[in-house]
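For reference, each letter of the sequence shown is one residue, going 127 to 490 in my numbering.
The C-beta atom is built at its ideal place from N, Cα and C for all residues, glycine as well.
Data first, discussion second: the structure below is written as structure tokens.
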Amino acid sequence: MVDSGNLKHTSTATARKSPRSQAQVEQNAPRHNTFDHVRDVLEAPEKSPSPAHPSIYVIIWICLSSSVILFNKWILHSLKFDFPIFLTTWHLIFATIATRVLAYSTSLLNGLNRVRVTRPIFFKAVVPIALFFSLSLICSNQAYLYLSVAFIQMLKATTPVAVLLATWTMFIEELNLNVLVNVSLIVFGVLLACYGELQFEMFGFMFQIGGVIFEATRLVMVQQLLSSAEYKMDPLVSLYHFAPVCAAINFIIFLYVEAPGFAVDDIYRVGPIVLVSNAVLAFGLNVSVVFLIKKTSPLVLTLSGVLKDILLVIASVVIWNSPITVLQIFGYSIALGGLVLYKLGPNNVKEAVALFQSRIWEAI
């Protein structure tokens, strides 16, 4: 209980003191630690977290993308799990569930509010695109049973060529001689890489080329059917709409192709934990792509993809002792150079070289 007499006397005495002595008293007065701490916290300005450097997103994406490919190869080849269609179907089922959970619990799929997929659009665009997406995934995973990761990455360099040929064939774009020269570099480099391949398997080669063709067709269909602003989707929103349809298509193909020779023991032989980890990693890759696109430029995206492909080739040689010839290295270098030139154009290539040189000087 506070004594009013003492309180009155103290305030009167304080009032008679000079401002200087009063300041000294206040300075020497004991501080109430709890009160002052709370006051400092409330009055302190909020510190916004500093955004991560774009290189962080690039590193995460390269690590996840490379890990998914190497993980798939390890399951299908090293563990002798000869069911690539099942593995792809499992990835899509997991992605279907995970995107619904994220849409309900986070803001990562707020883009769903801007994209309204009507019934006509679903059957006219989503289903056909999902069909080619499924075929692309199936063929690409089948190739891991026969070809090395290094050789598959070399063949994947032809995807932009297939897309360009499709647009020219369908008269979507006009033939451009400068672009044709750049594309010819890619084709020439890949042909050299194929000629130098020591473990060439025609069956696996046809699967991978089929995967490239289906993927190119899918990309052209997306460009034609979903190019308007109202249907622009980021990778997660796209996965939200396409994963269920792709999972259904893959499951039907699995029933006819792999199910007769498939048993539950095959799952336990690989291990449920391995399969779940593989699906989580694959889905994490899709999440990382969203942040990578938002935080970096097309120049960085292209160069990151080239760096990732080079690292994958090296990893394949180290992990599985995949043989690689000098002719393949030379051919793949030409293909990558043509790929960068095609995607960026001469001016952006000069910018990329200047950026790389500046980073080297900073490091020195």
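Can you tell me the Cα-Cα spacing of residue i and residue j, whole angstroms?
i, j, result
"I211", "I201", "13 Å"
"W216", "N447", "29 Å"
"F377", "M328", "26 Å"
"I460", "T451", "14 Å"
"I379", "G457", "36 Å"
"A139", "H179", "With a pLDDT of only 43 at A139, under 50, the local geometry of the prediction cannot be trusted, and the value read off the model is given with reservation. Cα to Cα, the separation comes out at about 59 Å."
"K250", "V400", "37 Å"
"K173", "Y183", "Model confidence at K173 stands at a pLDDT of 49, short of 50, so the residue's coordinates are unreliable and nothing is read from them."
"F314", "T428", "20 Å"
"S354", "V241", "11 Å"
"P449", "V426", "30 Å"
"G471", "A229", "38 Å"
"F417", "N404", "21 Å"
"T293", "E299", "6 Å"
Who are the near neighbours of residue i in its chain, counting only those whose CB is closer than 8 Å to its CB and skipping five residues on each side?
i, result
"C265", "F333, Q334, G336, G337 and F340"
"V406", "F220"
"V432", "L462, L465 and V466"
"Q325", "L273, S274, F277, S448 and P449"
"G397", "none"
Leaving out the 5 sequence neighbours to the left and right, which residues in its chain are closer than 6 Å to residue i when beta-carbon positions are compared?
i, result
"L190", "G410, L411 and S414"
"L263", "T214"
"Q277", "For clarity, residue 277 is Phe in the given sequence; the question names Gln instead. Contacts found: E323."
What are the boundary residues of the alpha helix (DSSP H) that includes residue i?
i, result
"Q349", "M328 to L351"
"S181", "P180 to K199"
"I219", "P210 to S231"
"I436", "P424 to W446"
"K282", "V275 to K282"
"P361", "P361 to V383"
"Y321", "L303 to G322"
"V390", "V390 to V396"
"V287", "T285 to T295"
Go through its chain and collect everything with a Cβ distance to residue i's Cβ below 7 Å, but skip five positions before and after it.
i, result
"L438", "S192, I195, V275 and Q279"
"G463", "L311"
"L261", "F340"
"F259", "R344, F368 and C372"
"V243", "V252 and H367"
Can you tell me the Cβ-Cβ gap for residue i and residue j, rounded? I've got them flagged as a contact below 8 Å.
i, j, result
"F207", "D392", "7 Å"
"K434", "I188", "5 Å"
Are the segment 291-307 and the segment 358-373 touching, with three or more C-beta to C-beta distances below 8 Å?
-> no
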